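K.L.:
Dropping the structure in here first, questions after.
2 protein chains.
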Amino acid sequence: MTFELLKIDTATGARRGRLTTPHGTVETPVFMPCGTGGTVKALTPHELEIEGVQLALCNTYHLYLRPGHRLIEKLGGLHRFMAWSGSILTDSGGFQVYSLAQLRRISDEGVSFRSHLDGSLHVLSPELAIQIQQSLGADIIMPLDECAPYPSTIDYLQRSLELTLQWAERSRAAHPNGQPALFGIVQGGTDKALREQAATALQQIGFDGYALGGLAVGEPKAVMYETVAHVTPLLPADRPRYLMGVGTPEDLVENVMRGVDMFDCVMPTRHGRTGSLFTSLGRINIKGAVYASDERPPDLDCDCYTCRHFSRAYLRHLFMAGEILGLRLNTLHNLHFYVTLMRQIRQAIEDGSLAAFRTRFLEKTKTSNHNDTAA
Amino acid sequence: MTFELLKIDTATGARRGRLTTPHGTVETPVFMPCGTGGTVKALTPHELEIEGVQLALCNTYHLYLRPGHRLIEKLGGLHRFMAWSGSILTDSGGFQVYSLAQLRRISDEGVSFRSHLDGSLHVLSPELAIQIQQSLGADIIMPLDECAPYPSTIDYLQRSLELTLQWAERSRAAHPNGQPALFGIVQGGTDKALREQAATALQQIGFDGYALGGLAVGEPKAVMYETVAHVTPLLPADRPRYLMGVGTPEDLVENVMRGVDMFDCVMPTRHGRTGSLFTSLGRINIKGAVYASDERPPDLDCDCYTCRHFSRAYLRHLFMAGEILGLRLNTLHNLHFYVTLMRQIRQAIEDGSLAAFRTRFLEKTKTSNHNDTAA
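Protein sequences appear in the order of chains A and B. Here full-length UniProt numbering is used: the first sequence runs in plain steps of one and ends on residue 375. Here full-length UniProt numbering is used: the second sequence runs in plain steps of one and ends on residue 375.
In structure tokens, the structure reads:
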């Protein structure tokens with residue numbers, strides 16, 4: 001994997017870049033949709049291509065448990081399995097172990113847990129996490145880490161970071177070569193000194209890119225933004241920076257301005273399945289009775305398939321009737337919103353107009369938060 | 001609506017025809033996918049177009065109860081509501097009242113019932129059924145009838161047919177003009193004399209096409225085929241003939257050979273959602289453990305999007321994981337199978353090779369029934 005830095009917006013620190021993986025180029029800043037179990041929920045790979053998605057995230061935890069990384073490897077790897085010709089980043093599985101699995105226990109060795117599917121017992125070590133991701137054949141892989149909960153005591157954060165750094169070293173040792181690319185994950189919660197320590201230690205080990213983990217876990221927005229702003233200058237300029245599990249459209253704009261290149265979040269897809277639609281005037285929930293006879297598309301400014309063909313009234317009808325098509329059309333629209341936002345952000349960086357873009361965008365968002373009573 | 005009879009296969013009685021409605025031409029024999037609640041479940045109208053669907057069926061019962069025909073009319077009619085530019089046939093709602101609604105009671109006036117959604121009380125009369133379908137703006141509409149259960153006594157069938165013929169007269173009176181087209185429905189169960197009486201009486205009233213109702217309700221296949229073969233010669237050659245609610249791929253082939261022009265059935269879409277896939281070698285159920293590592297597409301002879309991109313192993317994984325994409329890909333494949341079969345049937349009629357096509361097709365089907373243990 002290579003990373004070219006095409007432009008830095010001096011006014012804001014935002015970066016316009018380009019990742020190149022064995023599966024093509026990825027224009028950054030980029031939002032990665034979540035293809036959890038080998039599918040971006042409700043969408044085909046063809047639709048992702050049409051929307052211009054170049055990089056998708058898949059979850060190691062899910063694919064390890066079902067259908068199993070060995071099976072996927074035997075069938076030619078994850079790209080072929082899910083018929084996705086673009087790039088794939090896999091996470092380590094750690095985050096899902098903490099959030100989904102049962103009876104998880106962390107030791108130096110790794111994390112033992114019971115599957116949320118059938119209760120079976122598993123041990124995920126840094127080495128196994130690497131091995132699974134190698135089997136899957138991802139373009140970018142992540143080391144096992146601990147995502148500390150918020151709030152945590154400084155003692156907890158310290159011990160947790162120590163473990164994450166040990167695991168980072170073992171992950172690098174288990175995957176010393178450059179293909180797939182391996183990122184390091186900066187932890188340390190909301191403690192600036194710990195974040196500094198993490199950034200330094202990881203660079204000493206040396207990774208192909210650097211992620212910020214342990215954010216968007218309940219801390220106030222301002223704290224998230226401040227932490228990101230504190231960490232990014234500590235990272236090497238010539239490597240991509242990935243803010244894990246973030247976020248809302250506003251979060252994307254704000255964190256691009258703090259030097260982030262990559263994002264992932266279930267929000268556009270999950271919200272699509274609960275009827276919550278992102279629009280240029282804020283979120284609306286299509287379940288609302290107010291939309292029962294609304295002839296307008298979800299977003300008057302949007303040119304996605306959903307908005308070009310269907311009314312809010314029809315989408316509400318589909319949702320109320322439990323129709324699969326409703327989930328599809330909502331998801332497609334939300335993904336289009338995110339992909340379009342990132343394209344606008346990249347254009348604004350190129351034009352040197354990101355600060356102005358942000359102001360306009362947040363102004364609209366403000367309206368949105370007033371309107372978004374149902375979502 | 002006009003109907004051109006392009007060719008009759010003298011060896012079999014099969015007809016190659018062309019319907020023209022305000023929404024385009026429909027090559028017959030045709031299979032209509034079911035767009036029950038204003039959507040062919042799991043598919044977009046764009047996908048229907050790509051598959052070559054020219055005519056879809058929607059259910060009056062469902063749309064009357066939710067979102068309501070008045071709302072759809074206000075929003076510009078059903079075509080616009082569901083963004084479907086092809087032709088639409090709506091049923092009368094009667095069949096769903098008998099099969100889905102609660103506490104239904106049939107009188108001369110019509111049928112009173114309680115909604116399966118909220119228990120609300122409704123009365124569906126022949127006049128209201130026409131009015132609802134006019135509001136929806138369908139291209140072809142159907143009169144309220146009674147679909148007698150199988151088996152029924154001759155007494156029941158006689159009284160039921162009497163009512164159906166009265167309602168047919170009232171329906172024609174409520175819709176005397178030619179737009180949309182109104183079909184008559186031949187009932188009479190498995191009694192040939194009653195079927196003859198129905199065919200004669202309906203032609204005296206005069207309809208734009210003729211449907212055969214009350215079949216595929218539990219009678220043996222041979223009885224269905226025999227009843228169809230008995231009725232079609234009694235109908236005018238220059239009007240389309242529609243066999244309601246039928247059927248399996250074999251049923252389509254057999255009944256085209258008995259002079260039927262139009263079919264509808266939930267089978268391809270519903271089976272798609274339960275993992276049952278039609279293939280050129282018979283049905284397979286993708287849930288089967290035997291497919292867990294099967295690299296082959298569902299059907300080696302199929303060129304649909306699903307078969308061009310995905311393995312049985314992947315489709316099984318999606319199904320087991322409850323992924324929406326699995327339901328989509330299965331449904332798309334099954335619809336493609338039905339649409340392709342009808343295209344092959346039309347071609348065989350044109351080539352004068354339908355009898356040979358049938359022999360080959362049934363030979364394969366025989367294989368299929370052996371294989372189809374899981375479905």
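Quick reminder that beta carbons are idealized off the backbone N, C-alpha and C, glycines included. Remember, it's a predicted structure, so these values are computed and weren't measured experimentally.
Is A313(A) helix, strand or coil by DSSP?
P.N.:
For the purposes of this step, residue 313(A) is taken as residue 313 along the first sequence, with counting starting at 1. It is helical.
K.L.:
Under 8 Å by Cβ, that's how I've got Q187(B) and D251(B) pegged, so tell me the actual separation to the nearest angstrom.
P.N.:
Position 187 of the second sequence, counted from the first residue, corresponds to residue 187(B). Position 251 of the second sequence, counted from the first residue, corresponds to residue 251(B). The pair is not a contact, with the Cβ atoms about 19 Å apart (cut-off 8 Å).
K.L.:
Tell me whether D238(B) is buried or exposed, calling it buried when 16 or more other Cβ atoms sit within 10 Å of its Cβ.
P.N.:
Locating residue 238(B) in the second sequence gives position 238, where the first residue counts as 1. When all chains shown are included, D238(B) counts as exposed.
K.L.:
Pull the bridge partners of A56(B) from the DSSP assignment, please.
P.N.:
As a working note, residue 56(B) is residue 56 in the second sequence. Answer is I88(B).
K.L.:
Comparing the CB of A289(B) with every heavy atom of the ligand SAM, is any distance shorter than 8 Å?
P.N.:
Within the structure as shown, the ligand SAM is missing, as the structure has no ligands at all.
K.L.:
Just to confirm my understanding: we take T25(A), look at its own chain, exclude 5 residues before and 5 after, and list those with CB closer than 6 Å. What are they?
P.N.:
By 1-based counting over the first sequence, the position of residue 25(A) is 25. Cβ within range, chain order: R18.
K.L.:
With a 10 Å radius around its C-beta and 16 neighbouring C-beta atoms as the bar for buried, classify T153(A) as buried or exposed.
P.N.:
Locating residue 153(A) in the first sequence gives position 153, counting from the first residue. Exposed, by the Cβ-count rule.
K.L.:
By a C-beta neighbour count over all protein chains shown, 10 Å radius and 16 as the cutoff for buried, is A356(A) buried or exposed?
P.N.:
Here residue 356(A) is taken as the residue at index 356 of the first sequence, counted from 1. Exposed, because fewer than 16 other Cβ atoms sit within 10 Å of the Cβ of A356(A).
K.L.:
Show which residues of chain A have a CB atom less than 9 Å away from the CB atom of F310(B).
P.N.:
As a working note, residue 310(B) is residue 310 in the second sequence. Within chain A, the residues near F310(B) are F81, M82, A83.
K.L.:
Is the Cβ of R316(B) closer than 9 Å to any Cβ of chain A?
P.N.:
Position 316 of the second sequence, counted from the first residue, corresponds to residue 316(B). R316(B) counts as touching chain A.
K.L.:
Under 9 Å between the Cβ atoms of residue 385(B) and G38(B)?
P.N.:
The requested residue 385(B) is not part of the displayed model; chain B covers only 1 to 375.
K.L.:
Cutting at 8 Å between CB atoms, please list the residues of its own chain near A375(A), excluding the five before and the five after it.
P.N.:
If you number the first sequence from 1, residue 375(A) lands on position 375. Only weak support exists for where A375(A) lies, its pLDDT of 34 falling under 50; the coordinates are left without a value.
K.L.:
Of all Cβ atoms in chain A, is any one closer than 9 Å to the Cβ of G76(B)?
P.N.:
Translated into the one-based positions of the second sequence, residue 76(B) becomes position 76. Closer than 9 Å to some Cβ of chain A, the Cβ of G76(B) qualifies, so yes.
K.L.:
Spatial neighbours of I349(A) within its chain, please: CB distance less than 7 Å, with the 5 preceding and 5 following residues excluded, ordered by chain position.
P.N.:
Within the first sequence, residue 349(A) is the residue found at index 349, counting from 1. Within the same chain, I349(A) has close Cβ partners K7, D9, A14, R16.
K.L.:
Establish whether the CB of G93(B) and some CB of chain A are separated by less than 9 Å.
P.N.:
Counting from one through the second sequence, the residue named residue 93(B) turns up at place 93. No, because no Cβ of chain A sits closer than 9 Å to the Cβ of G93(B).
K.L.:
Just list the residues that DSSP pairs K7(A) with in beta bridges.
P.N.:
Locating residue 7(A) in the first sequence gives position 7, where the first residue counts as 1. For K7(A), which the question treats as bridged, DSSP gives the partners R16(A).
K.L.:
Taking C-beta pairs closer than 7 Å, name the residues in chain A that G37(B) reaches, listed in chain order.
P.N.:
On the second sequence, residue 37(B) is found 37 positions in, with the first residue counted as 1. Those are A321, E323, listed as they occur along chain A.
K.L.:
Kindly list, in the order they appear in chain B, the residues whose Cβ is closer than 9 Å to that of A42(A).
P.N.:
Within the first sequence, the letter at position 42 stands for residue 42(A). What A42(A) touches in chain B: E323, I324, L325, R328.
K.L.:
Could you tell me the boundaries of the beta strand (DSSP E) in which S112(A) lies?
P.N.:
Here residue 112(A) refers to the residue found at position 112 when the first sequence is read from its first residue. Segment 111-114, the beta strand (DSSP E) holding S112(A).
K.L.:
Do P297(B) and S311(B) come within 9 Å of each other at the CB atom, strictly closer than that value?
P.N.:
Taking the first residue of the second sequence as position 1, residue 311(B) is located at position 311. Taking the first residue of the second sequence as position 1, residue 297(B) is located at position 297. Cβ atoms of S311(B) and P297(B): closer than 9 Å.
K.L.:
Give the DSSP-derived three-state secondary structure of N369(A) in the structure shown.
P.N.:
Here residue 369(A) corresponds to residue number 369 of the first sequence, with the count starting at 1. Confidence at N369(A) is low in this model, with a pLDDT of 45, below 50, so the placement of that residue is unreliable and no value is reported for it.
K.L.:
Against P67(B), what residues of chain C qualify as contacts under a CB-to-CB distance less than 9 Å, listed in chain order?
P.N.:
Protein chains in the displayed structure are A and B, and chain C is not among them.
K.L.:
Please tell me whether Y225(A) has its Cβ less than 9 Å away from any Cβ of chain B.
P.N.:
Counted from its first residue, the first sequence places residue 225(A) at position 225. Not an interface residue.
K.L.:
Taking 9 Å as the cut-off, decide whether the C-beta atoms of S107(A) and A56(A) are in contact.
P.N.:
For the purposes of this step, residue 107(A) is taken as the residue at position 107 of the first sequence. For the purposes of this step, residue 56(A) is taken as the residue at position 56 of the first sequence. No, the pair does not count as a contact, with Cβ atoms beyond the cut-off.
K.L.:
Are Y242(B) and F31(B) closer than 9 Å when you measure CB to CB?
P.N.:
For the purposes of this step, residue 242(B) is identified with residue 242 of the second sequence, where counting begins at 1. For the purposes of this step, residue 31(B) is identified with residue 31 of the second sequence, where counting begins at 1. Cβ atoms of Y242(B) and F31(B): not closer than 9 Å.
K.L.:
Could you tell me the boundaries of the beta strand (DSSP E) in which Q179(A) lies?
P.N.:
On the first sequence, position 179 is the one that residue 179(A) refers to. No beta strand (DSSP E) contains Q179(A), which DSSP labels as neither H nor E.
K.L.:
Which chain A residues sit within Cβ distance under 8 Å of L71(B)?
P.N.:
As a first step, residue 71(B) must be located in the second sequence, where it is residue number 71. Under the 8 Å cutoff, chain A gives A292, S293, A313.
K.L.:
Could you tell me the boundaries of the beta strand (DSSP E) in which A211(B) lies?
P.N.:
For the purposes of this step, residue 211(B) is taken as the residue at position 211 of the second sequence. Run containing A211(B): 209-212, per the beta strand (DSSP E) assignment.
K.L.:
Relative to the alpha-carbon of A101(A), which residue among E196(A), L65(A), S135(A) has its alpha-carbon at the smallest distance?
P.N.:
Taking the first sequence and counting its residues from 1, the one referred to as residue 101(A) is at position 101. Comparing Cα-Cα distances from A101(A) to each of E196(A), L65(A), S135(A), the minimum goes to L65(A).
K.L.:
Under three-state DSSP, which class holds L121(B)?
P.N.:
The residue labelled residue 121(B) in the question sits at position 121 within the second sequence. Strand, per DSSP.
K.L.:
Three-state secondary structure (DSSP) at S276(B)?
P.N.:
On the second sequence, residue 276(B) is found 276 positions in, with the first residue counted as 1. S276(B): strand per DSSP, three-state reduction.
K.L.:
Is the number of C-beta pairs between the region 66-84 of chain A and the region 322-336 of chain A that are closer than 8 Å three or more?
P.N.:
The answer is no - the region 322-336 of chain A does not touch the region 66-84 of chain A, with fewer than three Cβ pairs under 8 Å.
K.L.:
Considering only the alpha carbon of each residue, which of E323(A), F361(A), G352(A) lies closest to A11(A)?
P.N.:
Indexing the first sequence from 1 puts residue 11(A) at position 11. For the residues E323(A), F361(A), G352(A), the minimum Cα distance to A11(A) belongs to G352(A).
K.L.:
Where C34(A) and D299(B) are concerned, what is the direct C-alpha to C-alpha distance, given to the nearest angstrom?
P.N.:
The residue given as residue 34(A) occupies position 34 in the first sequence. The residue given as residue 299(B) occupies position 299 in the second sequence. Approximately 29 Å between the Cα atoms of the pair.
K.L.:
Taking only beta-carbon atoms, is residue 407(B) less than 9 Å away from chain A?
P.N.:
The structure shown does not extend to residue 407(B), since chain B spans only 1 to 375, so no value can be given for it.
K.L.:
Excluding sequence positions up to five away, which residues of its chain have a Cβ less than 7 Å from the Cβ of A199(A)?
P.N.:
Residue numbering aside, residue 199(A) sits at position 199 when the first sequence is read from its first letter. The answer, listed in chain order, is V186, V231, L234, L235.
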